[in-house]
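Chemist: In the numbering used here, the protein residues as written are 77 to 269. We treat Cβ as the ideally placed atom computed from N, Cα and C, and that holds for glycine. Predicted model only: the values in this text are computed from it and were never measured. A single structure is presented below for examination.
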Amino acid sequence: MLDQYFKPWPVCRWAQPAIEAASRLLSEQVFEASEIDYVEVETFHEAVRLGVQLPMTTEAAQYAIGFPLAAYIVRGRLGADEIDADGLGDPAIRDMLSRIRLVESPEFSRRFPAERLARLRIVLKSGQIASCEAITTRGDRGRPLSDADMLAKFRSSAAVLGSERSTTLGENCMAVAKPCKLELVSNCLFAPI
77 MLDQYFKPWP VCRWAQPAIE AASRLLSEQV FEASEIDYVE VETFHEAVRL
127 GVQLPMTTEA AQYAIGFPLA AYIVRGRLGA DEIDADGLGD PAIRDMLSRI
177 RLVESPEFSR RFPAERLARL RIVLKSGQIA SCEAITTRGD RGRPLSDADM
227 LAKFRSSAAV LGSERSTTLG ENCMAVAKPC KLELVSNCLF API
């Protein structure tokens with residue numbers, strides 16, 4: 077159980093480092109997606125194979141690297157809305173996808189599967205370049221998600237249950253290692269939607 081990872085975003089594990097790099101760069105830089113000339117992702121062989129093709133289904137979007145990265149860059153978030161019909165049909169995401177380039181790093185490929193790494197360069201139309209060094213993603217055993225991050229991800233995924241029910245269920249699930257009222261968890265899990 078201790079060797080498990082928790083993905084910050086609802087897409088393939090191999091795409092996570094590129095999205096993590098974009099998250100870091102976008103939090104440090106101020107520019108609009110429309111100002112980007114292209115995005116270069118340097119990563120390991122298996123991640124490059126996920127490709128930058130336009131997915132036709134939610135499942136294909138989840139097992140891609142280019143599409144979820146484009147969605148994150150355009151919308152500043154990556155959740156169910158970005159990889160379902162709404163995101164798949166978004167012309168801004170499709171446009172950004174066409175500007176993403178994947179490059180295999182022999183070093184990152186050598187370090188896989190022990191490490192899943194990516195390096196990102198965002199080249200603006202002005203010529204300015206925003207880049208980050210090699211990065212892995214949060215959620216690994218060595219870099220776990222915080223309880224607040226886990227609860228936020230749960231609430232986002234469980235929004236269909238309603239605010240009160242998802243809050244009760246999330247807080248009690250997070251407290252499972254401590255004394256908690258399992259009856260509350262059970263009631264939240266099995267109540268009709």
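How far does the alpha helix (DSSP H) with isoleucine 149 in it extend, from its first residue to its last?
Modeler: By one-based count along the sequence shown, residue 149 stands at place 73. First-last of the alpha helix (DSSP H) with isoleucine 149: 142 to 151.
Chemist: Short of 8 angstroms in beta carbon distance, which residues of its chain neighbour arginine 231, apart from the five on each side in sequence? Order them along the chain.
Modeler: Taking the first residue of the sequence shown as position 1, residue 231 is located at position 155. Hits under 8 angstroms: Ser242, Thr243, Gly246.
Chemist: If you follow the beta strand (DSSP E) that aspartate 113 is in, where does it begin and where does it stop?
Modeler: For this step, residue 113 is matched to residue 37 along the sequence shown. Looking at the DSSP string, the run of the beta strand (DSSP E) that includes aspartate 113 is 112 to 119.
Chemist: Are the C-beta of arginine 177 and some C-beta of chain C separated by less than 7 angstroms?
Modeler: Going by chain labels, chain C is absent from the structure shown, which holds only one protein chain.
Chemist: Suppose the cutoff is 6 angstroms on Cβ atoms and the five residues either side in sequence are ignored; what does the same chain contact list for serine 174 look like?
Modeler: On the sequence shown, residue 174 is found 98 positions in, with the first residue counted as 1. Closer than 6 angstroms at the Cβ level, and outside the excluded window around serine 174, lies no residue.
Chemist: Counting only the same chain and skipping the five closest in sequence on each side, list residues whose C-beta sits under 8 angstroms from that of proline 270.
Modeler: Outside the shown range of the chain, which is 77 to 269, sits residue 270, and nothing can be said about it.
Chemist: Can you find the residues in the same chain that come closer than 7 angstroms, C-beta to C-beta, to glycine 156, ignoring five residues on each side of it along the sequence?
Modeler: Translated into the one-based positions of the sequence shown, residue 156 becomes position 80. Looking at the sequence shown, residue 156 is not glycine but alanine. Excluding positions up to five away in sequence, the list reads Pro86.
Chemist: In terms of alpha-carbon separation, which member of Ala190, Gly127, Gly203 lies closest to aspartate 216?
Modeler: For the purposes of this step, residue 216 is identified with residue 140 of the sequence shown, where counting begins at 1. Restricting attention to Ala190, Gly127, Gly203, the CA atom closest to the CA of aspartate 216 is found in Ala190.
Chemist: Taking the alpha-carbon of proline 268 as reference, which of Ala168, Leu237, Cys249, Asn248 has the nearest alpha-carbon?
Modeler: For the purposes of this step, residue 268 is taken as the residue at position 192 of the sequence shown. The shortest Cα separation from proline 268 among Ala168, Leu237, Cys249, Asn248 belongs to Leu237.
Chemist: Could you tell me the alpha carbon to alpha carbon distance between valine 115 and glycine 142, rounded to whole angstroms?
Modeler: Counting from 1 along the sequence shown, the entry for residue 115 is found at position 39. Counting from 1 along the sequence shown, the entry for residue 142 is found at position 66. Approximately 10 angstroms, taken between the alpha carbons.
Chemist: Taking the DSSP output, what are the residues bridged to valine 179?
Modeler: The sequence position of residue 179 within the sequence shown is 103, counting from 1. Looking at the DSSP output, valine 179 bridges to Glu118.
Chemist: Using a Cβ-Cβ cut-off of 7 angstroms (strictly less than) and excluding sequence neighbours within five positions of leucine 200, which residues of its own chain qualify?
Modeler: Numbered from its first residue, the sequence shown carries residue 200 at position 124. Cβ within range, chain order: Phe107, Glu111, Ile112, Asp113.
Chemist: Go to leucine 102, then tell me how far its alpha helix (DSSP H) extends in each direction, as first and last residue.
Modeler: On the sequence shown, residue 102 is found 26 positions in, with the first residue counted as 1. 92 to 104 is the span of the alpha helix (DSSP H), which, as asked, contains leucine 102.
Chemist: Going by DSSP in three states, arginine 197 sits in which element: helix, strand or coil?
Modeler: Residue numbering aside, residue 197 sits at position 121 when the sequence shown is read from its first letter. In this structure, arginine 197 counts as strand in the three-state DSSP scheme.
Chemist: Which residue comes first and which comes last in the beta strand (DSSP E) that contains alanine 206?
Modeler: Along the sequence shown, read from residue 1 onward, the residue named residue 206 stands at position 130. Unbroken beta strand (DSSP E) run through alanine 206: 205 to 207.
Chemist: Would you mind giving the Cβ-Cβ distance between glycine 163 and alanine 147, rounded to the nearest angstrom? I have them listed as a contact below 8 angstroms.
Modeler: Counted from its first residue, the sequence shown places residue 163 at position 87. Counted from its first residue, the sequence shown places residue 147 at position 71. Cβ atoms of glycine 163 and alanine 147 come within 8 angstroms of each other, at about 5 angstroms.
Chemist: For the alpha helix (DSSP H) containing isoleucine 159, name the first residue and the last one.
Modeler: Here residue 159 corresponds to residue number 83 of the sequence shown, with the count starting at 1. Start and end: 156 to 159.
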